[in-house]
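**Student:** Can you keep this structure in mind? I'll have questions shortly.
Protein chains: 2
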Amino acid sequence: MAWQTAETRRRLKEAATEEFAEFGPHGTTVDRIAARAGVNKERLYKYFGNKEQLFSAVLSDELAKIAAAVPLESLLAEGIGEYAGQVFDYHAANPYLVRLLHWEGLTFQGEVPGEPGRTEYYRHKVTAFAAAQREKVLVGDMEAADLVFFVIALAAWWFAVPQVARMLTGENTDDEAECGRRRAAVVSAARRLAQP
Amino acid sequence: MAWQTAETRRRLKEAATEEFAEFGPHGTTVDRIAARAGVNKERLYKYFGNKEQLFSAVLSDELAKIAAAVPLESLLAEGIGEYAGQVFDYHAANPYLVRLLHWEGLTFQGEVPGEPGRTEYYRHKVTAFAAAQREKVLVGDMEAADLVFFVIALAAWWFAVPQVARMLTGENTDDEAECGRRRAAVVSAARRLAQP
DNA sequence: TCAATGTCCAACTAAACAGTTGGACATTGA
DNA sequence: TCAATGTCCAACTGTTTAGTTGGACATTGA
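So the sequences go chain by chain: A and B.
With the numbering used here, letter number 6 in the first sequence gets 6, and the count goes up by one each step, no holes.
Plus 196 on top of the position in the second sequence (first one is 1) and you've got the numbering used here.
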């Protein structure tokens, strides 16, 4: 029998993504991750160090995924409304990232793993927004960084506090029609925020 | 010596508020709450049932506090921008609630303790916003519930994912000037969202 | 072929955890 | 005054936790 090294790593990370997104760093147990992956937990420590480093690895992977899935080019091409809509769609289809980011924000204070690289990633976004402002595609009297931040907020907030969303709109979160309605609201709000 | 019943309850709830806000339902231990309150943990179980019920009691108290501190009347009186600014100010001065709400949103799926009463509370907000829309003080072509939701999002998002805020704006969260800048951005964004 | 190294696992350890118990002592009301 | 009840606490229980260990077996390279 050949080694299953790569597959074992992959299965651990996949199981960890689901567990961490659902229960957070504190609520997740390494036993459950290992059981879900069908792998002995000793592997987890050999491959990833410990629970916290595994959390970082998982989050880093998910950040790479959204960067690939929602390219910044669509901002200039289709406008900020559609860009916000795409971010919303991504979160609706793949709810791991937004939950992981929130667990991280709540759990770790001070500098966060991979912060320099991630800051650079956000800087690209801000630069693109600033360029769009200079070309008068976006409102000019709001700082680009704030605009990026608000657009992400509009799209992600629904998934961060679903209980508040439910109590406010009186609708079920799993309802497909409601999901479409929320997307439309996000698109329209983003446009409104950024109209020149 | 007289009983300290009320004081004991108060100290437990105060300690629990701080611990739950910092570490969340899973990350908090009843031993630490009791130690912080300077009270035996058996009191916690007698007075509040268990850890989860104590979390509910704490969150419920904090919701009552913000409802009292940011009255809805200021919406019509001073406009939506200043209303959003007041929500921001409240969160900046008292960061417990926003963190508790997020812990709750991430931790509990499905119905949440006290949901009917809280839904009613949000309904008042929506009704007030809808009234403002009819009086042409707010934009009319966006559902009132969505508008409320977005205004809360703009004000609260900074405190929910401070690491993202820091990476985007490149500034320290504790910086007073940066805090003022963020408040101004929230006010301006809320106005933009709701201009008729 | 064989020593070195990597994979994998069952079983383990020490600590932390939520929740309980039994009893000392204070308060109340009849 | 005294039985009933409430407050408070140290010490406890049984379980779950993150992380480790020792050893069986697979793979590699010289």
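Ideal Cβ positions, reconstructed from N, Cα and C, are used throughout, including at glycine.
Could you tell me which of Ala263/B, Ala217/B and Val254/B sits nearest to Phe108/A, measuring between CA atoms?
**Tutor:** Checked all of Ala263/B, Ala217/B and Val254/B; the closest Cα to Phe108/A is Ala217/B.
**Student:** Note down the Cα distance separating Gly117/A from Arg362/B, rounded to an integer number of angstroms.
**Tutor:** So the two alpha carbons sit approximately 13 Å from each other.
**Student:** List the endpoints of the continuous alpha helix (DSSP H) containing Glu135/A.
**Tutor:** Looking at the DSSP string, Glu135/A is not in any alpha helix (DSSP H), and its letter there is neither H nor E.
**Student:** Tell me where the alpha helix (DSSP H) around Leu147/A begins and ends.
**Tutor:** Taken as a continuous stretch (DSSP letters only), the alpha helix (DSSP H) holding Leu147/A covers Ala144 to Ala160.
**Student:** In whole angstroms, what separates the C-alpha of Ala340/B from that of Leu208/B?
**Tutor:** In a straight line, the C-alpha of Ala340/B is about 38 Å away from that of Leu208/B.
**Student:** For a contact meaning CB atoms closer than 9 Å, what does Thr119/A contact in chain B?
**Tutor:** Under the 9 Å cutoff, chain B gives Arg362, Met363, Leu364 and Gly366.
**Student:** For Gly114/A, would you say it is in contact with chain B, using Cβ-to-Cβ distances shorter than 8 Å as the test?
**Tutor:** Closer than 8 Å: no.
**Student:** For the alpha helix (DSSP H) that contains Leu389/B, what are its first and last residues?
**Tutor:** Taken as a continuous stretch (DSSP letters only), the alpha helix (DSSP H) holding Leu389/B covers Glu372 to Ala390.
**Student:** Contact between the segment 229–249 of chain B and the segment 327–338 of chain B: three or more CB pairs below 8 Å?
**Tutor:** No: the two stretches stay apart, fewer than three of their Cβ pairs being nearer than 8 Å.
**Student:** Comparing the C-beta of His222/B with each C-beta of chain A, is any distance below 8 Å?
**Tutor:** Yes, His222/B counts as interfacial toward chain A.
**Student:** Assuming Met338/B contacts Ala185/A under a Cβ cut-off of 8 Å, what Cβ separation, rounded to an integer in Å, is found between them?
**Tutor:** Sure, about 7 Å apart at Cβ, within 8 Å.
**Student:** Quick one: give me the first and last residue of the alpha helix (DSSP H) that Val30/A is part of.
**Tutor:** Run containing Val30/A: Val30 to Ala37, per the alpha helix (DSSP H) assignment.
**Student:** Does any residue of chain B bring its CB to less than 8 Å from the CB of Ala145/A?
**Tutor:** So yes, Ala145/A belongs to the interface.
**Student:** Could you check the C-alpha separation between Ala61/A and Leu100/A for me, to the nearest Å?
**Tutor:** At residue 61/A the sequence reads Asp, which differs from the Ala that was named. For Asp61/A and Leu100/A, the distance between alpha carbons rounds to 11 Å.
**Student:** Given that a residue counts as buried once 16 or more other Cβ atoms are within 10 Å of its Cβ, and exposed if not, what is His102/A?
**Tutor:** His102/A should be labelled buried.
**Student:** Given that Pro358/B touches chain A, what residues does it touch there, using C-beta distances under 7 Å?
**Tutor:** Under the 7 Å cutoff, chain A gives Gly105.
**Student:** Under 8 Å between the Cβ atoms of Arg379/B and Asp227/B?
**Tutor:** Not a contact, by the Cβ cut-off of 8 Å.
**Student:** Only counting the same chain, and skipping five residues up and downstream in sequence, which positions put a Cβ closer than 8 Å to that of Glu82/A?
**Tutor:** For Glu82/A, where only same-chain residues beyond five positions count, the Cβ hits under 8 Å are Ser74 and Val187.
**Student:** From the DSSP output, in three-state form, read off Pro291/B for me.
**Tutor:** Of the three classes helix, strand and coil, the one that applies to Pro291/B here is coil, per DSSP.
**Student:** Just the chain A side, please: which residues come within less than 9 Å of Val344/B by C-beta, in chain order?
**Tutor:** Under the 9 Å cutoff, chain A gives Leu168.
**Student:** Would Val181/B and Ala352/B be called neighbours here (beta carbons separated by less than 8 Å)?
**Tutor:** This structure leaves residue 181/B out entirely; chain B is present only between 197 and 392.
**Student:** Quick check: what's the CA-CA separation for Leu106/A versus Ala153/A?
**Tutor:** Cα-Cα distance, rounded: 16 Å.
**Student:** Output, in chain order, the set of chain B residues within a Cβ distance shorter than 7 Å of Leu97/A.
**Tutor:** None at all; the shortest Cβ gap to chain B is about 12 Å.
**Student:** Using only the alpha-carbon positions, how far apart do Thr224/B and Thr28/A sit?
**Tutor:** Spanning the two alpha carbons is a distance of roughly 14 Å.
**Student:** According to DSSP, is Thr369/B helix, strand or coil?
**Tutor:** In the structure shown, Thr369/B sits in coil (DSSP, three-state: anything other than H, G, I, E or B).
**Student:** Is Arg388/B close to chain A, meaning its C-beta is less than 8 Å from at least one C-beta of that chain?
**Tutor:** By this cut-off, Arg388/B is an interface position.
**Student:** If you count every other CB in all the chains shown that lies within 10 Å of the CB of Arg192/A, and 16 or more means buried, which is it?
**Tutor:** With 16 or more other Cβ atoms within 10 Å, it is buried.
**Student:** Report back the beta-carbon spacing between Ala93/A and Leu147/A to the nearest angstrom; my notes put them in contact at under 8 Å.
**Tutor:** At roughly 24 Å, the Cβ-Cβ gap does not stay under 8 Å, so Ala93/A and Leu147/A are not in contact.
**Student:** Examine chain B for any beta-carbon lying closer than 8 Å to the beta-carbon of Tyr90/A, and answer yes or no.
**Tutor:** So no, Tyr90/A is outside the interface.
**Student:** Beta-carbon separation of Thr213/B and Val235/B under 8 Å?
**Tutor:** Their beta carbons are not under 8 Å apart, which means Thr213/B does not touch Val235/B by this criterion.
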